[in-house]
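Below is one structure, written out as C-alpha cells, with a few remarks after it.
In my numbering, the protein residues as written are 250 to 365.
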C-alpha cells in the first residue's frame, strides 16, 4: 500500500505532497533497494522520467524529480546497483541508460537556452 500511495502522491499537484513523497521514495531506495526492484523500476521509468520528458509537467515537479536524482546519484553504489539490477537484466528496462539519456538531453537544452 505504501508504494501505491507514493505513486499517487508523487503525481500530486500539491508541491508539499509530491515533495514529501519523493523524499520518502529516495529513503526507501537507500534502505530497501534490494527488496523494491519492481517498485524502483515503476517509479523511475513511469513517474520520474515521464515527468522530466513531458512538456506539460510543471517546472516545480521537474525540479523535485531532478533533486531526487541528485540525491540518488550522489551515492555511486546506487548508480552501480541501478546499472547491475536493471540494465544487465534481460527482463528489465535499461533504467541507467534511460536516466543518463534524459539527464543529458535536459542539460543540453539548458545549455542551449543559456547561449541564446
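Yeah, the Cβ is synthetic: ideal placement off N, Cα and C, and Gly gets one too.
Taking all protein chains shown into account, do 16 or more other C-beta atoms lie within 10 angstroms of the C-beta of residue 259, making it buried, or fewer, making it exposed? Looking up residue 259 in the chain shown gives position 10. It counts as buried.
Classify residue 317 as buried or exposed, calling it buried when 16 or more other Cβ atoms lie within 10 Å of its own Cβ. Here residue 317 refers to the residue found at position 68 of the chain shown. So residue 317 counts as buried.
How big is the Cα-Cα spacing for residue 342 and residue 290? Mapped onto the chain shown, residue 342 falls at position 93. Mapped onto the chain shown, residue 290 falls at position 41. Cα to Cα, residue 342 sits roughly 7 Å from residue 290.
Go through its chain and collect everything with a Cβ distance to residue 261's Cβ below 6 Å, but skip five positions before and after it. Counting from one through the chain shown, the residue named residue 261 turns up at place 12. 267, listed in sequence order.
How should residue 357 be labelled, buried or exposed, when 16 other C-beta atoms within 10 angstroms of its C-beta is the threshold for buried? What you label residue 357 is simply residue 108 of the chain shown in a count that begins at 1. Exposed, because fewer than 16 other Cβ atoms sit within 10 Å of the Cβ of residue 357.
Can you tell me which of 355, 354, 353 and 348 puts its alpha carbon nearest to the alpha carbon of residue 298? Along the chain shown, one-based indexing puts residue 298 at 49. Closest by alpha carbon: 348.
DSSP on residue 284, reduced to helix/strand/coil? As a working note, residue 284 is residue 35 in the chain shown. Residue 284 falls in the helix class under three-state DSSP.
Between residue 344 and residue 293, how many whole angstroms is the CB-CB distance? I'm expecting something under 8 Å. The residue you call residue 344 lines up with position 95 of the chain shown. The residue you call residue 293 lines up with position 44 of the chain shown. About 6 Å separates the two Cβ atoms, so the contact holds.
Does the distance from the CB of residue 314 to the CB of residue 300 come in under 7 Å? Residue numbering aside, residue 314 sits at position 65 when the chain shown is read from its first letter. Residue numbering aside, residue 300 sits at position 51 when the chain shown is read from its first letter. Cβ distance < 7 Å, so residue 314 and residue 300 count as in contact.
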